[in-house]
Every structure is written in C-alpha cells, then in structure tokens.
C-alpha cells in the first residue's frame, strides 16, 4: 500500500511531463483540426472551435481537465479522423502486448538458462561463453539483428514473414510466426542483462552457508539449485525484469517500424509525423505509467515471495 | 537500455573467488583484461575514424553516381554503393564523426548538471532531495527512446536537439548515481571526523566526496557514450534525427532496409559499426570499473 501511494507523485510527474511536451509541439493544433485552409473560416468560427477543444483555457486548467479526463480513459479526439484517441490506440495494443510477452518469455528462458549455466561452472568455457554472449547481446543494435534475421529467415529461407502482423485470434500459428522475429530481436538485450544478473546473484547465493548446509546433508546438486539457491537468486533478477518493461516499450518503436507491425510503437512514430499530438501524448503517458506500475508489481511480488518483507509489512 | 543506461554501472554483488580455482581464476582475469583491451582498441579506432575518417574517405559522402547504384562491394567500392550510387564506406566514415560528436556531447550535457544536482541534493537531503528525486523518478519512468523522440519532435530535428534529447533521458541516471554515493560517503567515519574538527562544507565536498563520486561517473559516462550512439542511430532511423543529406549511420540504415533483399550491406555495414562502437564503450566501462573500484580489484 505504501508503495502504491509513493507512486502517485511519480505518475503525476510523468503526466505533467507528457502534458508540457505535448503543448510545446510545433504548429497550432487549430490548423490540424480545420486544415490549412483557415481562410474558409471566420475568426468567430475559429474561436468557437478553440473553445470546443478547450484550447482557450489557461494551461494549468487545460492540464487539470486533461488529467481528469485521462484518468477515465478520455484522451480527446483525433484532430484528423475525429475518432476518440483511445479508440485509435486500443487496436494497436494487442500486437505490442503480444510481442512484449513473447519477448519476456524468450528472454527469461535464454537469460536464466545461460546465467545458471555460467554460475554453476564459474571460470570454465561455459562461463566464458555466457559472459561473451551477454556482452554481445547487450551491444548489438536492433538494426543489425533485425536485418540479419530478416535477410536469412524471411527473405531467403522464407520461414517467417518479413513484415506485417496476423492477430492471434485470427490464426494463432500465423500470428506467432509474424511476431517471432521481432520478439527475438527485442529479447537479446534483455536476455543479456538477465544473464549477467542471474550469474552474479546466483554465484553470490551459492557461497551462502545454507547452501553449503544443503550440500553437506547430501542433497543432490539439482535440488540444491532448484529448491534453495535459485529461489533466492531470483530477487535481483525480478528487479531487472521490472526495469526492462521500458526497454521493451522503447524497442517496440524500432522493431515495429522495421517489421511493419501495426502496434503502439509504430503508431507513436506516425503520430509524430502527422502531428497527432493527442495520440502521442496518450501513448507516452501510457508507456510511462506502465513502467511505474510494472515496478510496483515487482515490489509487490517481492513482498509475496520474500517472507522477511511479508512479515515486516504485515 | 532501461532502458536508458545499462544498469551495470550500479555495483554488482561481488563474487568471491574460490581458492581452489586459483589457476583458472588467474586465466579468467587475464582474459578479462584482454576484453578490456579489445574495448580500448575499439574506442581508439572509433575516435580515430571520427576525427580523421573524412580525410581518408575515398569519395565525397554525398557524391552520387547514378550509373552505379546499389553496386555490391568491390575493389572500387569496398562496401558497395547505395541507392543513389554513393560510396557506403565514405558515408560510414563521415557518419562516425556525427555519432561520436553526439555520443560525447550528450554525455557531457547529461553528466555535468547530473553530478552537480546529485551532489547538491545528496548533501542537503531533506525536502529538496525528496522533491527532486520524485521528479527524476518520473523522468526515468519514460522509455529512453520514447522520451527522446518526443523531445526531438517538440524541439525540431537538428544535431543539437538530438544531443539535448538524449542527454535529458540519461541525466537523471547521473544525478541518482551521484546522490547515492554522496549519501554514503558523508556518513563515513573520516568525513564525520573531519566535520567534527570544523571543516567547511566546501572542503568536505571537494576533498572527500568528489573523489568518491568521480569513478562511478566515469564508468557510467563510458557506458553512456555507447548508449547515446545507439539512441542517435535510433532517432535517425525513425527520421527524427539529423536530416539528410548529412550521412548518419541511422539514416543509412533507414534507407537500407528498403533494399535489404538485394543490397544487404546497406544495413549491415552501419549496423556493424554501431555494434562495434557500443561494444567498445561497454567494454571500456567494465574495464574502468574494475580499475577504479578497489572493492572489485581482486575479482572480475
């Protein structure tokens, strides 16, 4: 509960930043509402439209109104299509969320797998492979992985489509194929961080007396790892996964552009070029808030998993 | 990238080296030093290319040759030509200057105010500290690339705004890092002793706090240059960075994706350069941390 309250000022700062940035965007929004042909409208008509959109109010009033509406999911109407902004965004959520989940799963499998492999055999070739893989994964840009994978697996072998998205409710298998390459591209950086974190925290945990005790009472190494060590090594790893939600969001902007996926990242880029600043505002606000909420979720999970924290809070 | 900056600048738990692994441990450290060396070489190479690349470039980066578009790598054009017949190698070499400029400038613009603000709030503590930290938390909640692209969209696409936008996304990380360090150092016994004998704040800050703050900042800065290079490429790729015809790695990649099937070098050449640059600065950062942090000196 305390954590939730502490997040309120952070979310407020997020909202304020988004609002200020949105209002600093170049161009008078009125021209996007009525088009370039302002001469067709009288000054009174323009003033009336300004009034309708609340553009004649002082900024802090506009902020209060905007924030109040945003909390209820009302981000205003698009200047161009006059649709509700939320109605524009909602259909874009599925591809981004699906890729994010697949990225998470892939990154967790790779990151934990390689990290554990490194940690249980420190200073061997396995450890070195893991360390090098993590170094490469952290440094490789999305463009390079995307172009390599697309060139080999989409354009030449034709195992996966090079672009586009099939919704999961239309054809699950085709949907997985259309999102596989973007997920692999996104997961590498995340897997690299997870590998490093798993390795260092597991190595530390394996030095603890209770692990020695478990070993000395004759427990099989797998049980020591699975039942005792990994559980405690997971905590720092969990934190990393919370932090990385932002990474997935940021990466979506690039990968959705490369793979022509109609998700939130692509919408964000389009809304910048078409000056749909209400859409951009809403998307940036959603991204920032999601990151804050994800970190709270990690904190709560910490409390659930760690009896020490559970007790002290109870 | 938190996203913004690799979290590695934060001190990791220190794994103790097992004595029975002494020999392989030594081998391990040796190879680790090798990796740092690779980082130093990559960064030196990049700096050299960034400064002198334009003088050794075989062609002018905007010289078009419409008779020889999308030519594969050959003796005449080592890395082929693009859709306007421009030499890819020459464009890469010129692009390095932009990447390096943005990388270094963004780190300076972010780190100097970051260090000052972090030191100030860490030393003052109290309400100011609390308010500033909440604001920084709010800024750090945004995925870096998303905040940067919004800032560039607001301010307009030019090299200075790109530097500024990337700096804004990484500035909170410096402030937070420094604040944490200051909070810890000001409670050290020798600092308390100094205060007890009546030392002024200025002396405590410059004699005791600064030296403890500088090394983590240097590590962060090295990782930060790599991050900034990656972010600049991302913005240029989205068409929000430095505008054509100025050759940048990101804009080369943007165009290159349209010709991926027939001319994959258009994306892979600049992609590899970014990879090498980021890898170099990451390795250098790891090496700096090891060299500067006495707690880690005897481990990897």
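Residue numbers (my numbering), protein chains in the order written: chain A, 1 to 314; chain B, 1001 to 1300.
Ideal Cβ placement from N, Cα and C applies to all residues, glycine included.
Since this is a predicted model, take the numbers as computed values, not measurements.
- For residue 164 (chain A), no CB of chain B lies under 8 Å from its own CB, so it is not counted at the interface with that chain.
- Non-local C-beta neighbours of residue 1245 (chain B) in its own chain, meaning closer than 6 Å and more than five positions away in sequence, comprise 1062, ordered along the chain.
- With respect to chain A, the C-beta atom of residue 1237 (chain B) has a partner C-beta closer than 8 Å.
- The DSSP assignment places 1126-1141, 1144-1155 and 1159-1185 as complete runs of the alpha helix (DSSP H) inside the region 1117-1192 of chain B, in order along the chain (cut-off: 4 residues).
- Residue 266 (chain A) is bridged by DSSP to nothing; it lacks a bridge partner.
- At a beta-carbon threshold of 7 Å, the residues of chain A lying near residue 1267 (chain B) are 143 and 147, ordered along the chain.
- Of the residues B:1269, B:1124 and B:1036, the one whose Cα lies closest to the Cα of residue 1072 (chain B) is B:1269.
- In the DSSP secondary-structure assignment, residue 1087 (chain B) is bridged to B:1081.
- A Cβ-Cβ contact shorter than 8 Å links residue 1049 (chain B) with residue 1093 (chain B).
- Residues 1267 of the same chain have their beta carbon placed closer than 7 Å to that of residue 1257 (chain B), with the five preceding and five following residues left out of the count.
- A distance of 8 Å or more separates the beta carbons of residue 163 (chain A) and residue 102 (chain A).
- Residue 183 (chain A): member of the alpha helix (DSSP H) spanning 172-206, first to last residue.
- If the five residues before and after residue 1107 (chain B) are omitted, its C-beta is found closer than 8 Å to the C-beta atoms of 1167, 1170, 1221, 1224, 1225 and 1228, all from its own chain and listed in chain order.
- Note: residue 77 (chain A) is bridge-paired with A:84 in the DSSP secondary-structure output.
- Residue 165 (chain A) is positioned such that its CB atom lies no closer than 8 Å to that of residue 145 (chain A).
- Counted as a single uninterrupted DSSP element, the alpha helix (DSSP H) harbouring residue 44 (chain A) occupies residues 43-52.
- The alpha-carbon separation between residue 41 (chain A) and residue 21 (chain A) amounts to approximately 29 Å.
- Of the candidates A:295, A:278, A:196 and A:269, the residue whose Cα lies closest to the Cα of residue 80 (chain A) is A:278.
- When C-alpha distances from residue 1146 (chain B) are compared across A:4, A:8, A:250 and A:118, the shortest belongs to A:250.
- The C-beta of residue 1130 (chain B) has fewer than 16 other C-beta atoms within 10 Å across all chains shown, which makes the residue exposed.
- Residues of chain B whose Cβ lies closer than 8 Å to the Cβ of residue 135 (chain A) are, in chain order, 1035, 1279, 1282 and 1283.
- One thing to note: residue 92 (chain A) has its Cβ within 8 Å of the Cβ of residue 262 (chain A).
- Counting only runs of 4 or more residues that sit fully inside the region 87-162 of chain A, the alpha helix (DSSP H) segments are 125-139 and 142-149, in chain order.
- Between residue 198 (chain A) and residue 233 (chain A), the C-beta spacing is below 8 Å.
- With respect to residue 1121 (chain B), residue 1115 (chain B) sits apart: the two C-beta atoms are not nearer than 8 Å.
- With respect to the 8 Å criterion, residue 17 (chain A) and residue 1138 (chain B) are classified as neighbours on the basis of their beta carbons.
- Apart from the 5 residues on each side of it in sequence, residue 1118 (chain B) sits with its Cβ closer than 6 Å to the Cβ of 1175, 1178 and 1179 in its chain, given in chain order.
- In the structure shown, the three-state DSSP call for residue 274 (chain A) is coil.
- Interface criterion not met: the Cβ of residue 51 (chain A) is under 8 Å from no Cβ in chain B.
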